Amino acid sequence: MLKVTRLNDVELLINADLVEFIEETPDTVITLTTGKKFVVKESAETLVGRIIHYRREVFTKLPVLVKDEYIEKDG
5 MLKVTRLNDV ELLINADLVE FIEETPDTVI TLTTGKKFVV KESAETLVGR IIHYRREVFT
65 KLPVLVKDEY IEKDG
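Every position in the sequence shown, counted from 1, becomes a number in the numbering used here once 4 is added.
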């Protein structure tokens, strides 16, 4: 989840996987894949850093499902 602050100082958690794009106009606007938009206090650079941090946390905790091995096929 992506923690953001709306312009009225209310904190909000947004599903980071639904972020389609972030723009600064000059306010920072987050547009989700659903079309919903949020105007927040954080800069686009800060939000990108938070998304990267969130995804690193999530993906480094996943179990390894496939070993990095080459399997030769006969024939």
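Glycine included, each C-beta is placed from N, C-alpha and C at the ideal position.
None of the values given here were measured: they were computed from a predicted structure.
- Sorting I34, R54, E49 by C-alpha distance to the C-alpha of L11 places I34 at the top.
- Sequence-distant Cβ neighbours of E27 in its own chain, meaning closer than 8 Å and more than five residues away, are V33, T35, A48.
- Assignment of E15 by DSSP, reduced to helix, strand and coil, places it in the strand class.
- One thing to note: I55 has its Cβ within 8 Å of the Cβ of V23.
- Nearest neighbour of K7 by Cα position, chosen from T38, K45, P30, turns out to be K45.
- Under a 10 Å Cβ-count criterion, L51 is classified as buried, with 16 or more other Cβ atoms of the shown protein chains found around its own Cβ.
- In the DSSP annotation of this structure, the continuous segment of the beta strand (DSSP E) that includes E28 starts and ends at 23–28.
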